[in-house]
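Since the structure comes first, as structure tokens, the remarks are kept for the end.
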Ligand SMILES: [Zn+2]
Ligand SMILES: [Zn+2]
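Chains as they are written, first to last, in our numbering: chain A, 533 to 964; chain B, 253 to 571.
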């Protein structure tokens, strides 16, 4: 039996119940027992003083890469889950582009077992859309979902075939899961290393035009309209994508979308003198794109924020820009980056931050959590909005160190991350 | 060591107009050395220079080697093509090895944009970019500037059109930066499929028709068309390229003024340029080759430490 926990005196932000008030939260037997003022601590309860803290339903990252199986030197399910907890995430969804690909129920079961052993954030596997992510034949959605997968995606590889995407959307309806697409028209993006524009022209790097993303965004929206399937668009990066999603939503098409902290805060200029920590796919775009994405995440056109956490070994990033792999780590910086740049920047308020990083991910992916309603799983994030810290990749729990935010001063940090009523992360030097 | 140019020469984009003028002025006296019976001065005696060529370029390598030898340096040629290890490992490992060997300068040619910068950040030796991917080829840009300046007497206000595959050309980028910094007007002309889509934002005019470019220009810098660009689907055929964009005698005959012709070589005669133009009265293509050695001597000399006042002693050395 887990020890009850009373979170006393924090600012409870729970948009699922439209709450933003100073309250206590009582957790017992792995569930939310009660929320309210002046709750009494039951016998044997641990009481955590949360004065000055934000207490919210646990953050959920629907898009990360944990590299196991295949590249355990870069990340494992366990290190990823611990990094997630350190970043305030109580649950993450792991993309299937592992080696071998997570395209069958055994592979899904393996990840779930690894996650259970880690006793950190929950890990929900995402199964592949196609066998081996080869873009040819559908993987066994039903079997994978039976084993615990929560969505399907060929992320890491775009779904080039419109027919396959159509079939996936139709077939996924049986299981009521989202089909996640990495929107990239491969013949347009081929060989590209960064956004196509003035900076790529200057640096002599092959560019990836916005249209490579947007063509697939509108294709997927139209296929969702045809099939009535649920398409979830990963890591949106352009003004045009935002406009197309808005168009789709206005017509009642079943489309949801995510944006990453880096696309909300950095532009193509960050590539500077070929800094591979600014190399990602989709690439960092322009200031106009960043502004449109900020508006979209503020008004809900983009439903949620996800990290696309993509750890790489340092010497893989330590090479010429065009040859370096795409991606950055994000689990341990996402909350602070969003808090520092978007909340303090006036783009999001606290309820919307929690909505985009907890409630919406749970709702869109049909996951436990995302609410502090009585009887819900006791997944809670307590974060200190005033905690100032400097990003030091050497201190990450993730094995990945590849971040463009190294050395940046941020504020906002998870103090306690609670999963199933158990504290899985306490910020070091926290005396409570 | 670092002199008036800083530690490295990675491109013309980071240089000021003054630095570019300094290099061109320093190159002038070095031209004369190549005219002598004994084409050698002791300026860089005792310094070791590695010519690190990950990509084949006989012309550029030989030009650097001549420049190094005429300054009495000890060049070592390393060609790292065809290595079985991945390019990234090679470059990092190469940097570590070069650092351990305490060489004085590295001249690097590499197929990846940013490779020279990558190396420069990791070693203490001076690094000279001899062409990195589609990024820059600064000494080529400088020798083009020197050739134009020799011919026109100055560069400010001169109109230079770069013709052809600007998209994949490091020569084009170095020319654009260099020419604009010294006050020339720059245009580009070629099929849009071979121009970067944001090219206007670099401050250049775009001509879609070679006839318009010729009418506008004082000089054309005709780029080599890589044959593989055709199979890459950028243009339908070499024949059509010549018909639509070729620099031909007929087209030049209709120009309102004499148009100077430059080409970085090697040429595809009958594709981007016709033989009678390449070998014609207004072609300065061979002057470019000669100037290339002087420019490289100037760059080596300035990076080796010299300070600008030493340009005087370079003149003395050349005397
Ligand atoms: Zn992706
Ligand atoms: Zn991803």
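Where is the CB? At the ideal position from N, CA and C, for every residue including glycine.
All of these numbers come straight from a predicted model, not from anything done at the bench.
Whose C-beta lies closer than 6 angstroms to the C-beta of residue 612 of chain A among residues of the same chain, with five residues either side of it excluded? 598
Inter-residue Cα distance where the pair is residue 952 of chain A and residue 354 of chain B: 59 angstroms
For residue 956 of chain A, I'd like the list of residues in its chain whose CB is within less than 6 angstroms of its CB, leaving aside the five on either flank, ordered along the chain. 617, 652 and 949
Candidates A/588, A/699, A/600 and A/538: which alpha carbon is nearest residue 572 of chain A's? A/538
With a threshold of 8 angstroms between beta-carbons, can residue 946 of chain A be considered close to chain B, or not? no
Between which two residues does the beta strand (DSSP E) carrying residue 542 of chain B extend? Element bounds for residue 542 of chain B: not the beta strand (DSSP E) but the alpha helix (DSSP H), 537-555.
Within the 8 angstroms Cβ cut-off, does residue 621 of chain A reach chain B? no
Which residues does DSSP list as the beta-bridge partners of residue 496 of chain A? Here chain A covers residues 533 to 964 and nothing more, so residue 496 of chain A does not appear.
Ligand 4 and residue 659 of chain A: does any heavy atom of the ligand fall closer than 7 angstroms to the residue's C-beta? Questions concerning ligand 4 fall outside what the structure shown contains, since the ligands it does hold are ligand 1 and ligand 2.
Could you tell me whether any non-hydrogen atom of ligand 2 is closer than 7 angstroms to the CB of residue 748 of chain A? no
Count the other C-beta atoms from every protein chain shown that fall within 10 angstroms of the C-beta of residue 933 of chain A, then say buried if there are 16 or more, exposed otherwise. buried
Amino acids of chain A, ordered along the chain, whose beta-carbon sits closer than 8 angstroms to that of residue 451 of chain B: 733
Got a sec? Which residues, its chain only, sit under 7 angstroms from residue 430 of chain B by beta carbon, not counting five neighbours each side? 264, 272, 393, 394 and 397
So which residues of chain A does residue 369 of chain B contact, with C-beta pairs closer than 7 angstroms? 805 and 806
What residues in the region 471-491 of chain B have a beta carbon less than 7 angstroms from any beta carbon of chain A? none
Cβ of residue 448 of chain B less than 8 angstroms from any chain A Cβ? yes
Any chain A beta carbon closer than 8 angstroms to residue 377 of chain B: no
Proximal residues of chain A, C-beta to C-beta of residue 268 of chain B below 8 angstroms: Residues of chain A passing the Cβ test: none, with the nearest at roughly 17 angstroms.
Residues that residue 432 of chain B contacts on chain A, provided the C-beta gap is smaller than 8 angstroms: Chain A residues near residue 432 of chain B: none, gap ~13 angstroms exceeds 8 angstroms.
Within 8 angstroms (strictly less), CB to CB, does residue 337 of chain B reach chain A? Its pLDDT being 46, under 50, residue 337 of chain B is placed unreliably by the model, and the measurement read from it follows with that caveat. Closer than 8 angstroms: no.
Is there at least one non-hydrogen atom of ligand 2 closer than 7 angstroms to the beta-carbon of residue 627 of chain A? yes
CB residue 884 of chain A to CB residue 830 of chain A, shorter than 8 angstroms? yes
How many Å lie between residue 591 of chain A and residue 869 of chain A at the Cα? 14 angstroms
Which whole-angstrom value is the C-beta distance of residue 579 of chain A and residue 540 of chain A, which I expect to be below 8 angstroms? 6 angstroms
Whose C-beta lies closer than 7 angstroms to the C-beta of residue 945 of chain A among residues of the same chain, with five residues either side of it excluded? 868, 915, 916, 919, 921 and 959
Selected residue, minimal CA-CA separation from residue 621 of chain A, among A/576, A/931, A/665 and A/654: A/654
Spatial neighbours of residue 566 of chain A within its chain, please: CB distance less than 7 angstroms, with the 5 preceding and 5 following residues excluded, ordered by chain position. 558 and 906
Would you check if the distance between the CB atom of residue 694 of chain A and the CB atom of residue 765 of chain A is smaller than 8 angstroms? no
Considering only their Cβ atoms, is the gap separating residue 787 of chain A from residue 763 of chain A smaller than 8 angstroms? yes
In the DSSP assignment, what residue or residues form a beta bridge with residue 916 of chain A? A/945
Where residue 509 of chain A falls, given that 16 or more other Cβ within 10 Å makes a residue buried: Shown here, chain A extends from 533 to 964; a query on residue 509 of chain A therefore has no answer.
Looking at the strands, I want to know which residues DSSP matches up with residue 957 of chain A. A/949
Compare the Cα-Cα distances from residue 773 of chain A to each of A/761, A/760, A/759 and A/789 and report the closest residue. A/789
If you pair each beta-carbon of the region 414-431 of chain B with each one of the region 696-712 of chain A, do three or more pairs fall below 8 angstroms? no
Run through the region 263-306 of chain B for me and flag every whole alpha helix (DSSP H) of 4 or more residues, listed as ranges in chain order. 269-285
Is residue 688 of chain A near ligand 2, in the sense that its beta carbon is under 7 angstroms from a heavy atom of that ligand? yes
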